[in-house]
Amino acid sequence: MKIINVVGARPNFMKMAPLVHELNRRGIEQMLVHTGQHYDDNMSKVFFDDLRMPAPDVYLGIGSGSHSEQTAKVMVEFEKVCLEHKPDLVVVVGDVNSTLACSIVAAKLWIAVAHVEAGLRSFDMKMPEEVNRIVTDRLTDLLLTPSPDGDENLRKEGVAEERIHRVGNIMIDSLFANVERAKDSKILDELGLAPKGYGVLTLHRPSNVDDPEILLKLMTVLHEISERLPLVFSCHPRTAQRLEDLEAYARLKDRGDLRILPPKGYLDFMRLVSQSRLVLTDSGGLQEETTALRIPCVTIRENTERPITITEGSNTLAGTNPDKIRAAAYAALDGDQKDTSVPDLWDGKTAHRIVNVFESWWAAR
Ligand code: UD1
Ligand code: UDP
């Protein structure tokens, strides 16, 4: 069995690393292809170092562009890789444009596709990720889901039961494998932060940051919250650009204690999150990591494709109304915390289960 693993953007790296390590342990032939959708050192290279992943065998160097440009460029280049290396299985993770592009290429070349994180749905077709998830899952042979809601969504879409494999959450493999190593990070000292004395903020969804009015409204309430709890904002390059363009933000900047920082490496960031009092975010992955770490999370979105982080975990879906965001943050700070649990199979052994699925599939062919 020859496998090509695909990564492209920041949230892919922590989902792929455990799988690369497990395939290696079992001596299965694999290649790592990096599309280059994310390319800054702090959005890409640092994760290879932190997660001890081998350098990619092939780097496509696609870079930024419109959705169609980016997707099409990945398709053209990835097709060449597949024709040259003739894999038996292409493994894609998550819901970014690289995930979609590579599944289309593989499906049209009759190469089997495995999708790690299959079945998640926000039911919001205005999210580019929702389009990517639905199309990818339609083309996938091995649908590897993190939670029962994923299985249920796929069944409702008519996916045959034998193609659905609930394996758990692979992000949590990376988290559990590295949470001890992250204790060596000096980030708290560097930033002068005390455990539980600050909150972590991330914001990068186009619906939150691309419209100047919405971005200003959100930043206003976040600065207000930072008067009660200092916030460190790991700022995605998309958002950094939008804030730079937003003149009105200059007048707001000094209110409270909200520090804008460049994106952090995995170990530093996990250290920051694990010691924080509260996380405010629109990230997909962070909703899961905070659930596994039992850190209160306020999600600044109208919907989530990860409902189990609310029903079982520490996540609250606040929406994008400032009053609701403020209320959710203050409730968490006032200790208004519900009982939480870590979902079934979010146990650090997901990569092991995934490779078992691959081996059974290969043996049954
Ligand atoms: C992408 C994913 C999103 C994911 C996010 C994680 C899609 C459709 N979106 O969004 O699902 O949550 O990654 O971080 O695939 N940029 C840089 N340096 C980089 C990468 C990007 O400066 O290394 C800037 C560029 O100006 C670029 C912009 O960020 O145009 C957006 O990058 P892009 O990959 O298109 O989308 P993300 O917003 O990062
Ligand atoms: N992350 C990180 N450093 C940062 C911000 C995020 O290491 O400064 C990690 C973190 O593990 C998070 C993951 O990157 O879960 C995914 O991030 P992102 O929010 O970019 O993508 P999403 O999960 O929303 O697709």
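For the sequence shown, this note's numbering gives the first residue as 7, with consecutive numbering after it. Ideal placement from N, C-alpha and C gives every residue a C-beta, glycine not left out.
Cβ-heavy atom distance, residue 255 to the ligand UDP, below 6 Å | no
Compare the Cα-Cα distances from residue 77 to each of 141, 248 and 130 and report the closest residue.
-> 141
Starting from residue 178, follow the beta strand (DSSP E) in both directions and report where the run begins and ends.
-> No beta strand (DSSP E) contains residue 178, which is instead part of the alpha helix (DSSP H) from 176 to 184.
Answer with buried or exposed for residue 70, where buried requires no fewer than 16 other C-beta atoms within 10 angstroms of its C-beta.
-> exposed
Taking the alpha carbon of residue 332 as the point to measure from, which residue in 152, 224 and 158 has its own alpha carbon closest?
-> 224
Residue 17 and residue 290 look like a contact to me (Cβ under 8 Å); what is the Cβ gap, rounded to whole Å?
-> 7 Å
What are the residues that DSSP puts in a beta bridge with residue 29?
-> Beta-bridge pairing links residue 29 to no other residue.
Beta bridge counterpart(s) of residue 35 as assigned by DSSP | DSSP output for residue 35 lists 8 as bridge partner(s).
When you compare only the Cα positions, how much space is there between residue 253 and residue 123?
-> 39 Å
Taking 6 Å as the cut-off, is the CB of residue 275 close to at least one heavy atom of the ligand UDP?
-> yes
Where does residue 270 land, buried or exposed, given buried means 16+ other C-beta within 10 angstroms?
-> buried
Going by Cα to Cα distance, which pick from 64, 282 and 38 is closest to residue 296?
-> 282
What residues in its chain sit with their C-beta under 8 Å from that of residue 358, if we drop five residues either side in the sequence?
-> So the list reads 28, once near-sequence residues are dropped.
Considering only heavy atoms of the ligand UDP, list every residue whose Cβ is less than 5 Å from one of them, following chain order.
-> 16, 17, 240, 269, 270, 272, 275, 289, 290, 291 and 292
Name the two residues that bound the continuous beta strand (DSSP E) containing residue 309.
-> Under the DSSP assignment, residue 309 falls outside any beta strand (DSSP E); it carries neither an H nor an E label.
Look at the alpha carbon of residue 160 and the alpha carbon of residue 360, and state the distance between them as a whole number of angstroms.
-> 18 Å
Unbroken stretches of the alpha helix (DSSP H), 4 residues or longer, contained in the region 240 to 271 = 243 to 251
Got a sec? Which residues, its chain only, sit under 6 Å from residue 364 by beta carbon, not counting five neighbours each side?
-> none
Rounded straight-line distance, which links the Cα of residue 180 to that of residue 190 | 16 Å
CB contact check: residue 356 to chain B, cutoff 7 Å = Among the chains in the structure shown there is no chain B, since it carries only a single protein chain.
On the three-state DSSP scale, how would you describe residue 15?
-> coil
Between the Cα of residue 330 and the Cα atoms of 80, 102, 109 and 306, which residue gives the shortest distance?
-> 306
What did DSSP end up calling residue 40 once you bin it into helix, strand or coil?
-> Strand at residue 40.
Measuring alpha carbon to alpha carbon, tell me which of 53, 24, 35 and 8 ends up nearest residue 174.
-> 24
Mind checking whether residue 327 and residue 303 have CB atoms under 7 Å apart?
-> no
Would you list the one or two residues that DSSP bridges to residue 238?
-> 206 and 265
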